[in-house]
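According to my numbering, the sequence shown holds residues -11 to 406 in order. Even for Gly, the Cβ is constructed at its ideal location relative to N, Cα and C. This structure is a prediction, so every number in the text was calculated from the model and none was measured.
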Amino acid sequence: MEKAKNILNINNIARAVICLALILVIVVIVLICTRPRGGDGSATGDEYRSVVVVASGDTLSKLLTDQGFSNAQVLEIAKVLKSDANITSLRADSDKIEFVRDAADAPVSKIVIIPSPWRQVEITCNPDGAWVCQTVDITPDKRVVYRGGEILDGDSFYLAGARAGIPDGILAEVYDLLAFEMDFERDVRAGQKFSVLFEENYADGKKVDNGRVLAVQFEALRGNVKMYRFKTADGKTGYYDENGNGAIKSLKRTPINNAKVTSSFSTSRKHPVLGYTRAHKGVDFRASTGTPIPSAGAGRVVARGYNSGHGNYIKIRHNASYETLYAHMSRFAKGVVVGTTVKQGQTIGYVGSTGLSTGPHLHYEIIKDGKHVNPMTVKLPAISNLGKADKEKFLEYRKTLDSGIEQLSKHPDWFIQL
Ligand SMILES: [Zn+2]
């Protein structure tokens, strides 16, 4: 009798389990059937959205026609986009268009064009049927991060920087900045440390891109180099050294980035082609034929020609004191002639081996008040220095960046917000 009772109990438990399972299945089916569906897009609230990434060959009119717009509507929307958002064409693989409908089968009531992660253009249809356009700028959530490292034996700054996790674009900017103060051939040695503070831009908690370089420090052989980004009271942004002097100089010591110095400035050296000793009035940078040569500073071309020593050369006057000369070019840049005004960094010609030269390289001279000076050591004038009020503010701000570097170097996975 005892045994039969047990069997009865087990049967009851089994029935209860089956009942529960059935209820669960019904609940799941009900949930699936009542879930809203948005076709090829998705539905949030009462809106139906579909997102199109612009592909190569797509035009606005094609994409709009595909969504059921009439020719007249396409023309009207294109007109509004041009006049209110200055958008005349779409870029393949980067622009996105979102089409919003009030119901799955309703006509499009809103178009959102996303030309950059920080800008949205919304085109909506008024109750009277007219299309209006509104631009929304999205403010990135800026996080200041730190990357630092050390030069190892046989390292270049580029290698060490990449190893420290400095992103490519940021590293190139840092190199450009340091190049005003440093000779990467002579000032870089194993054991030297460097620090970079830069912004990362976030939207909705996700990293979108990198922002600006805020501070750079390098323990160079000839003394520590420190540079800080600062905005003056009248809204001009620049880089300054630790004392508030302009870090951006009117001339660059190394016009071509990351090029190796093959011969330095000297008052006497054995000429590689002529064989006898004579002064080398400039610095030679090895680079392959055709490498663009940027102007070391803003100025005006005062000579362009050929002579047996320099080959094809250009001379630029920068101000009352400074001139630079570029020799052995394979060719000149189009449109750069005597009298042309050039900007700092503008291509003036291309590396070659014309004139007295043993191989493709740039021979670069800086002439100060008519006298040749060593490009690697000459003290170069700053483009702008800070006024008294700005300088006081700068020195305060510098402390914030310095303490940021100190904190983050101990906790490289942290970030700060300024
Ligand atoms: Zn030379």
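- prompt: With which residues is R319 paired in a DSSP beta bridge?
  reply: Y338
- prompt: Is any heavy atom in ligand 1 found nearer than 7 angstroms to the beta carbon of S318?
  reply: no
task: Leaving out five residues on either side along the sequence, give the residues of the same chain with a beta carbon under 8 angstroms from the beta carbon of S409.
output: This structure does not reach residue 409, given that the chain is present from -11 up to 406, and the question cannot be answered.
message: On the DSSP letters alone, give me the boundaries of the alpha helix (DSSP H) that Q61 sits inside.
response: N59 to A73
- prompt: Which first and last residues belong to the alpha helix (DSSP H) in which S56 is found?
  reply: Position check: residue 56 holds Gly in this sequence, whereas Ser was assumed. Premise fails: G56 is in no alpha helix (DSSP H) and is neither H nor E.
message: Are there any heavy atoms of ligand 1 lying less than 7 angstroms away from the beta-carbon of H360, as far as the coordinates show?
response: no
message: Out of V249, I65 and S144, which one is the CA nearest neighbour of V109?
response: I65
- prompt: When the Cα atoms are used, what is the spatial distance from I20 to A91?
  reply: With a pLDDT of only 49 at I20, under the threshold of 50, the placement of this residue in the model should not be trusted, and no figure is reported.
- prompt: If we count the other Cβ atoms within 10 Å of its Cβ and call it buried at 16 or more, is Q180 buried or exposed?
  reply: buried
query: In terms of residue numbering, what span does the beta strand (DSSP E) encompassing V133 cover?
result: D129 to E138
Own chain partners of D28 with C-beta closer than 8 angstroms, once the 5 adjacent residues on each side are dropped: Caution is warranted here: a pLDDT of 45 is assigned to D28, below 50, making its placement in the model unreliable, and the coordinate value is therefore given only provisionally. Excluding positions up to five away in sequence, the list reads S38.
message: Using 8 angstroms for Cβ pairs, my map puts T328 next to V361. What's the rounded Cβ distance?
response: 24 angstroms between Cβ atoms; not a contact.
- prompt: Going by DSSP, what residues sit across from I102 in a beta bridge?
  reply: K84
field: Beta-bridge pairing of G234 - partner residues as DSSP gives them
entry: Y228
- prompt: Quick one: is H306 buried, meaning 16 or more other Cβ sit within 10 Å of its Cβ, or exposed?
  reply: buried
- request: Indicate the three-state DSSP secondary structure (helix, strand or coil) for T388 in the structure shown.
  value: helix
message: Quick check on DSSP: helix, strand or coil for I393?
response: helix
Nearest candidate by alpha-carbon position, reference D378, set D222, P363, D125 and A178: D222
- prompt: Exposed or buried, which one is W409 when buried takes at least 16 other CB atoms within 10 Å?
  reply: The structure shown has nothing for residue 409, since the chain only spans -11 to 406.
message: Going by C-alpha to C-alpha distance, which of S251, T53 and V204 sits closest to V271?
response: S251
message: Can you determine whether any heavy atom of ligand 1 sits closer than 7 angstroms to the C-beta of S296, and answer yes or no?
response: no
Assigned secondary structure, G26 (DSSP; H/G/I helix, E/B strand, else coil): With a pLDDT of 35 at G26, under the threshold of 50, the modelled position of this residue cannot be trusted, and the question is left open.
message: Check whether the region 228 to 242 and the region 365 to 374 touch, using three or more Cβ-Cβ pairs below 8 angstroms as the test.
response: yes
- request: Look up K269 in the DSSP assignment and say whether it is helix, strand or coil.
  value: coil
message: Quick check: the Cα distance between Q334 and G56, rounded to an integer number of angstroms?
response: 48 angstroms
- prompt: Which class does K303 belong to by DSSP, given the choice of helix, strand or coil?
  reply: strand
- prompt: Given a threshold of 16 other Cβ atoms within 10 Å of its Cβ, counted over all protein chains shown, does T127 qualify as buried or as exposed?
  reply: exposed
- prompt: V176 lies in the alpha helix (DSSP H); which residues open and close that run?
  reply: Run containing V176: none; DSSP gives neither H nor E here.
- prompt: What is the DSSP secondary structure of A152, reduced to helix, strand or coil?
  reply: coil
message: Between the alpha carbons of V176 and L159, how many angstroms are there, rounded?
response: 16 angstroms
task: Can you tell me which of the three DSSP states D197 falls into?
output: strand
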